Amino acid sequence: MHSTIVRATSRSATIVHAAFSGERGPRPAPGSTKSVATALADAAATPGFRGELGEVVSAGAGRLLLGLGKRDELHTADLRTAGAKLVRAAERMRIGSLRLDLAAALGDAGHDLRTAGRAIGEGIAIGDWRVDAFDGAATNRAPRSGRLAVDAAEDHLRAGLERGLALGASVNYARGLAATPPNICTPAWVAQEARKLARRTGMSCRVIGYADAKRLGMGGLVNVGRASANKPCLVILEHKPRSAKGRDRIALVGKTLTYDTGGYSLKVNNGMKGMKYDKCGGTAVLGAMHAIANAKLPVHVTAFLPAAENMVAGDAYRPDDIITMHNGVSVEVTNTDAEGRLVLADALSYAIRSLKPTAVVDLATLTGGVVVALGSFSAGYFCNDPALRGRVEGAAERSGERVWQLPLWREHREFMRSTHADIVNSNAKREAHPIQGAAFLSYFVDEGMPWAHIDIAGVSAVDSPGDIYVTGPTGYGVRLLFDLVAE
Ligand code: BES
Ligand code: MN
Ligand code: ZN
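As numbered in the working numbering, residues 6 to 492 make up the sequence shown, in order.
So this is what it looks like as structure tokens:
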């Protein structure tokens, strides 16, 4: 991991050339010297080097070959992998500056250079990251290496690279928040971080505290958070640039459970470990606001983060409690572990009443069921509006952060009815959990309001290292939401 990565030109930069597998090596740029051509050909012939995606080999003084796999199988997503592997190789090889000479190869392979540059930049930034904030006196991990400067030889590739590095930095900002343990990251701490972000980027930040939440009738947020010494709050972060074009007012809502023990419906058999990631909806929304504000996107966007800690204590809420929510709907609590929908419900209702948004998107680590159904391959999602659906799916396609739609029918809404209150927070039948979550939330979204609910329980953190992500939080949603707003 580097101390920082910047897009900057350096005269001593190591030049990165592309190599496709099954081909004889890169064609050197027209006008390049014979010795360069020979060096590249020699490097491509290095025993063991096959030009596979992300393979890196030295090509003589000041040059590298970066494998991109088969020319006609190279997708934009692969360029993220290539970027991640390149940055790790650069660190191993102690290279402090890179200059990507990939435009000709990528152009030949049919890639839009801006898009390609952005993907490589994202891969470089995201692939470089790990958690080091808690490395202590006994750590056996290497300290950060110095600054890495990255540049591209071609303008479109360079512009894309710059955007990709910036987005990657926002993703890593979100991952740093997500990785912060619950003994440090409390609801008040999240509010503090949001205030810091607002100060640095010129956004405004407002926090509805515990007492105000009670006064506003936010029965979900208040009851879920009441048993913790770290009282709940609703964090509101607003990006409202003078440049805002059009009539769009977008509300982003993120489930921010700084810890989820399950409450009296306690999580058992190791189900609790990892629940510090139950705030990843909120941290992804903060990361997206980081990216949106830094890029100065000309759109009015407001983030709502219901932050709480679901604990056990004498004054905790319990199964059988009946509570009244911000919009007046009464809820019979059947399971205190279905707490995310309770805090989200109040945030959705409050967001819609206070902002009158043109679209609402919520991100939440809501159900174990979505992990069973889709694993870490895709988020599950629900959307009631064709235009918003197009925007979400377009953003998912561009960002590579996948969504897969599940149904939400009248029958699902009826399934949530309660005998003694309006609705239950979980049906006693263990059926269609992700849809139950969405059906519950739909009672807090006015009819006709374009709304998307994205269940990110399976994609917000990974438990083994992959090509791009190390074990831990992924920052899923930062780039998806950024793209959704930018488009
Ligand atoms: N935070 C959990 C969902 C979760 C599970 C996230 C696994 C990440 C990994 C959520 O609050 C929860 O406990 N959901 C319950 C709901 C059920 C009791 C209706 C679930 O899915 O089991
Ligand atoms: Mn829970
Ligand atoms: Zn939860």
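Glycine included, each C-beta is placed from N, C-alpha and C at the ideal position. Computed from a predicted structure; not experimentally measured.
Beta-bridge partners assigned by DSSP to His244: Val306. Per DSSP, His458 is one residue of the beta strand (DSSP E) stretching across Trp456 to Asp460. Ranked by Cα distance from Met6, the options Ala384, Gly151, Gly72 and Ala49 are led by Gly151. Within 7 Å of the C-beta of Ala343 there is at least one heavy atom belonging to the ligand MN.
Take the alpha-carbon of Val240 and the one of Val136: they are about 25 Å apart. By the neighbour-count criterion, in which a residue is buried when 16 or more other Cβ atoms sit within 10 angstroms of its Cβ, Asp325 is exposed. Taking every protein chain shown into account, the CB of Asp283 has 16 or more other CB atoms within 10 angstroms, so this residue is buried.
With contacts defined by Cβ atoms closer than 8 Å, Gly126 and Gly72 do not form a contacting pair. Beta-bridge annotation (DSSP): Gln410 is paired with Tyr386. At least 8 Å separates the beta-carbon of Thr19 from that of Arg99. Straight through space, the alpha carbons of Ala318 and Tyr448 are spaced by roughly 29 Å.
Three or more beta-carbon pairs separated by less than 8 Å are not found between the region 215-233 and the region 271-280, which leaves the two stretches without contact. Of all C-beta pairs linking the region 449-466 to the region 369-383, three or more are shorter than 8 Å, placing the two stretches in contact. Secondary structure of Glu337 (DSSP, three-state): strand. Three or more Cβ pairs closer than 8 Å define a contact, and the region 382-394 falls short of that threshold against the region 339-350. Glu243 is not a Cβ neighbour of Thr329, given a cutoff of 8 Å. Close CB contacts of Asp451 within its chain, under the 8 Å cut and outside five residues either way in sequence, are with Ile357 (chain order). Annotated as proximal: Leu226 and Pro237, with beta-carbon spacing under 8 Å.
By the Cβ test, the region 332-346 is in contact with the region 421-429, since at least three Cβ pairs between them sit closer than 8 Å. A contact is defined here as three or more CB-CB pairs under 8 Å, and the region 479-487 meets this definition with respect to the region 174-183.
Of all alpha-carbon atoms in Phe309, Asn145 and Ser270, the one lying nearest the alpha-carbon of Ile213 is that of Phe309.
Exclusion of the five residues before and after Ala95 leaves Leu103 and Leu153 as the residues of its chain whose Cβ lies within less than 7 Å of its Cβ. Per DSSP, the unbroken beta strand (DSSP E) holding Ser102 starts and ends at Ser102 to Asp106. The beta carbon of Ala147 sits closer than 7 Å to none of the beta carbons in its chain outside the five residues before and after it. A residue is called buried when at least 16 other Cβ atoms come within 10 angstroms of its Cβ; Phe25 meets this threshold and is buried. Partner residues in the beta bridge of Pro311, as assigned by DSSP, are Leu239.
Counting along the chain, the unbroken alpha helix (DSSP H) around Ala196 starts and ends at Pro192 to Thr206. The Cβ atoms of Gly65 and Ala44 sit closer than 8 Å to each other. One alpha carbon belongs to Thr191, the other to Ala313, and they sit about 8 Å apart. Taking a 10 Å sphere around the C-beta of Phe139, we find fewer than 16 other C-beta atoms and assign the residue as exposed. Shown here, Ile428 sits in a strand according to DSSP, grouped into three states.
Excluding the 5 residues flanking it on each side, Ile297 has same chain C-beta neighbours closer than 7 Å at His244, Val306, Phe487 and Val490, in chain order. One alpha carbon belongs to Leu360, the other to Leu411, and they sit about 27 Å apart.
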